[in-house]
Amino acid sequence: MSILILNIKQLLQAHESNVTILKGDEMKTLSVLEDAYVYIDHDTIIEFGKMEDYRTIEADTVIDATGKLVLPSWCDSHTHIVYAGDRTSEFVDRINGLSYTEIANKGGGILNSAKVLQNTSEDELYEQSIKRLNELIAMGTGAVEIKTGYGLTVEAELKMLRVIKRIKQESLAVIIPTLLAAHAIPEAFKTKKQNYIKYITDELIPKAVESNITHYLDVFCEEGYFDINDTETILKAGKAHNLRPKIHVNQFNILGGIALGVKYNALSVDHLEELNDDDIKALKGSETIPVALPGCSYFLGIPYTQARKIIDAGLPLAIATDYNPGSAPSGNMNFIVSSACVKLKMTPEEAINAATVNGAYAMGISNMYGSITRGKKANLLITKPMNHYSEIPYAFAHNPIEQVIINGQLL
Ligand code: NIG
Ligand code: FE
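Here the numbering used here runs 401 ahead of the position in the sequence shown, where the first position is 1.
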């Protein structure tokens with residue numbers, strides 16, 4: 402099955418040589434080929450170039466993209482889309498004045514979602530989750546990280562991992578599973594946090610590793626959840642099993658989680674709504690990418706990550722949805738790209754780079770995804786007619802996507 406797309410108004414993120422991360426000023430430039438074509442065969446990008454250089458290629462499907470843009474599909478490097486039910490009642494509580502933390506302290510929040518998930522069958526959990534994934538794909542996402550973390554018991558966490566595995570087998574999208582081993586402290590361990598940490602390090606992590614589904618480990622490093630010492634204990638246990646950190650840090654408070662993440666060679670440190678100069682210093686020269694989650698700031702009304710401080714320091718930045726029932730119930734990457742511009746003061750070029758190449762880097766897949774390069778996987782978007790890529794973030798909350806190609810297949 403081969404697809405040829407002709408007369409593309411702007412072909413974005415096409416590179417002659419492979420690009421796997423963009424840092425600082427490099428993020429300011431978005432590669433654009435005007436009046437271009439792309440040819441893909443099976444799951445691979447074979448050729449691209451300007452229409453003036455196009456010589457006839459035979460293909461099974463030919464698409465005329467006159468007036469439209471083509472770009473790599475979005476890479477969403479931080480989601481919690483495997484969950485059961487929703488938290489609309491807490492949403493209303495928040496409108497009426499309670500904070501996220503107050504709701505959590507009353508037994509709501511993550512504990513609420515965990516209770517529902519524990520009582521939901523594996524099949525039902527799969528059905529609810531794949532539906533969310535399919536909605537994401539229709540909105541242009543081709544690669545998604547999915548975390549566990551609503552199990553809070555070995556049994557329920559393994560159930561989540563199996564559901565993620567099944568999604569990975571059934572979907573054309575690229576799925577990167579992460580074990581969010583330490584997301585909250587269950588009610589039964591409230592006064593015995595150290596026992597719960599031991600349960601995580603001695604039982605949950607080894608059993609999860611045995612299932613061979615994930616290579617990444619997440620911890621919610623935050624006041625009232627896991628402090629810096631707890632986080633280090635858990636990362637150390639993960640390291641012994643070759644799990645690489647991808648962690649929640651600096652959402653409400655700065656505990657030193659960024660420097661700790663760097664020390665354990667985290668692939669990414671995510672959230673960063675709070676951020677100081679030491680955090681920036683810690684990230685310099687590391688292989689750890691910061692990830693901003695503007696949907697969470699929007700929904701909870703908390704500060705937006707200071708993207709300018711990060712990028713202007715020469716660092717890379719990725720953006721992701723954080724799609725979850727409590728702090729960001731949306732998986733629309735188009736909205737994330739727009740909020741990155743409107744709220745994080747990123748230029749359209751920076752935002753698109755952050756949602757493609759750098760998003761792929763934050764999942765460890767930027768060798769094969771996130772840009773249009775010969776030999777890379779064919780995950781592409783075709784937009785509705787538009788004049789310029791800036792219209793993607795400009796027309797916020799509109800759907801700019803007309804067609805998606807995932808793994809070489811036109812959906
Ligand atoms: O990334 N902060 C921790 N985890 C999620 C929210 C979890 C929830 O409220 O269900 C987040 O915001
Ligand atoms: Fe999250």
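Where a beta carbon is used, it is the ideal one built from N, C-alpha and C, also for glycine. Predicted model only: the values in this text are computed from it and were never measured.
For residue i, tell me which candidate among the options has the shortest Cα-Cα distance.
{"i": "Val-743", "options": "Ile-766, Ala-796, Val-692, Asn-733", "result": "Ala-796"}
{"i": "Lys-591", "options": "Leu-512, Tyr-665, Lys-637", "result": "Leu-512"}
{"i": "Thr-774", "options": "Asp-603, Ile-793, Tyr-440", "result": "Tyr-440"}
{"i": "Asn-535", "options": "Val-575, Glu-448, Asn-497", "result": "Val-575"}
{"i": "Lys-532", "options": "Leu-573, Met-734, Ile-482", "result": "Ile-482"}
{"i": "Ser-739", "options": "Ile-446, Leu-694, Ser-418, Lys-778", "result": "Leu-694"}
{"i": "Thr-445", "options": "Ile-404, Lys-469, Thr-457, Val-610", "result": "Ile-404"}
{"i": "Thr-521", "options": "Gly-541, Tyr-551, Ala-638", "result": "Tyr-551"}
{"i": "Val-650", "options": "Pro-717, Tyr-626, Leu-812, Lys-451", "result": "Tyr-626"}
{"i": "His-443", "options": "Ser-791, Pro-786, Gly-776", "result": "Gly-776"}
{"i": "Leu-470", "options": "Val-620, Val-758, Thr-784", "result": "Thr-784"}
{"i": "Asn-733", "options": "Asn-800, Leu-811, Pro-704", "result": "Asn-800"}
{"i": "Glu-491", "options": "Pro-730, Ser-791, Thr-757, Leu-812", "result": "Pro-730"}
{"i": "Pro-473", "options": "Asp-671, Gln-810, Val-805, Leu-812", "result": "Val-805"}
{"i": "Thr-602", "options": "His-416, Asp-454, Leu-431, Ala-638", "result": "Ala-638"}
{"i": "Ala-437", "options": "Thr-421, Asp-426, Ile-406, Glu-803", "result": "Ile-406"}
{"i": "Asn-759", "options": "Pro-704, Thr-689, Pro-786", "result": "Thr-689"}
{"i": "Val-620", "options": "Asn-596, Pro-794, Ser-669", "result": "Ser-669"}
{"i": "Thr-467", "options": "Ile-409, Asp-678, Phe-736", "result": "Ile-409"}
{"i": "Glu-674", "options": "Thr-634, Tyr-455, Ser-698, Thr-554", "result": "Ser-698"}
{"i": "Ala-585", "options": "Ile-703, Asp-465, Leu-553, Tyr-455", "result": "Leu-553"}
Give me whichever residues DSSP pairs with residue i in a beta bridge.
{"i": "Val-433", "result": "Leu-413"}
{"i": "Phe-449", "result": "Val-439"}
{"i": "Ala-539", "result": "In DSSP, Ala-539 forms no bridge with anything."}
{"i": "Met-583", "result": "In the sequence on display, residue 583 carries Ala and not Met. Paired residues: Val-620."}
{"i": "Leu-470", "result": "Gln-411"}
{"i": "Thr-462", "result": "Ile-404"}
{"i": "Glu-546", "result": "Ile-577"}
{"i": "Lys-778", "result": "Thr-445"}
{"i": "Thr-784", "result": "Ile-802"}
{"i": "Lys-424", "result": "Pro-717"}
{"i": "Gln-810", "result": "Ile-807"}
{"i": "Ile-565", "result": "BP columns for Ile-565 are empty, so no partner."}
{"i": "Ile-773", "result": "Ala-415"}
Sorted by chain position, which residues of the same chain lie with C-beta nearer than 6 Å to residue i's C-beta, five sequence neighbours on each side aside?
{"i": "Asp-487", "result": "Pro-726"}
{"i": "Leu-701", "result": "Tyr-501, Ser-728"}
{"i": "Leu-526", "result": "Ala-485, Val-564"}
{"i": "Ala-660", "result": "Ala-683"}
{"i": "Ala-714", "result": "Ile-681"}
{"i": "Gly-510", "result": "Ile-504, Gly-727"}
{"i": "Leu-580", "result": "Thr-549, Ala-609, Thr-615, Leu-618"}
{"i": "Ile-711", "result": "Pro-691, Leu-718"}
{"i": "Ser-791", "result": "Pro-749"}
{"i": "Glu-624", "result": "Asn-654"}
{"i": "Ile-458", "result": "Leu-405, Tyr-440"}
{"i": "Ile-720", "result": "Ala-693, Ile-737, Ala-741, Ala-755, Ala-756"}
{"i": "Asn-808", "result": "Asp-444, Leu-573"}
{"i": "Leu-537", "result": "Gly-732"}
{"i": "Lys-566", "result": "Ile-614"}
{"i": "Leu-812", "result": "Val-805"}
Excluding the five sequence neighbours on either side, which residues of its own chain have a C-beta within less than 7 Å of the C-beta of residue i, listed in chain order?
{"i": "Met-764", "result": "Cys-476, Ser-478, Ala-544, Glu-546, Ile-577"}
{"i": "Lys-429", "result": "Thr-748, Glu-750, Glu-751"}
{"i": "Ala-761", "result": "Cys-476, Ala-544, Ser-767, Tyr-770, Gly-771"}
{"i": "Arg-709", "result": "Lys-746"}
{"i": "Lys-640", "result": "Tyr-665"}
{"i": "Ser-530", "result": "Ile-482, Val-483, Val-564, Ile-568"}
{"i": "Ser-612", "result": "Leu-559, Leu-562"}
{"i": "Cys-622", "result": "Ile-629, Thr-632, Ile-648, His-649, Val-650, Leu-656, Gly-658"}
{"i": "Gln-707", "result": "Leu-676"}
{"i": "Leu-853", "result": "With the chain running from 402 to 812 in the structure shown, residue 853 is simply not present."}
{"i": "Thr-634", "result": "Ile-598, Thr-602"}
Return the chain-ordered list of same chain residues with a C-beta closer than 8 Å to the C-beta of residue i, the five sequence neighbours on each side being excluded.
{"i": "His-789", "result": "Gln-411"}
{"i": "Ser-418", "result": "Thr-774"}
{"i": "Asp-461", "result": "Met-402, Ser-403, Ile-404"}
{"i": "Ala-557", "result": "Ala-515, Leu-518, Gln-519, Tyr-551"}
{"i": "Glu-528", "result": "none"}
{"i": "Gly-450", "result": "Leu-434, Ala-437, Tyr-438"}
- Item | 3-residue-minimum beta strand (DSSP E) runs that sit fully inside the segment 680-766, ordered along the chain | 690-693
- Collect the residues with a C-beta less than 6 Å away from any heavy atom of the ligand FE and give them in sequence order along the chain. His-479, His-481, His-649, Asp-723, Asn-725
- Item | 4-residue-minimum alpha helix (DSSP H) runs that sit fully inside the segment 627-684, ordered along the chain | 629-641, 658-664, 678-684
- Task: List in chain order: all unbroken alpha helix (DSSP H) runs of 4+ residues lying wholly within the segment 475-507.
- Result: 489-496, 501-506
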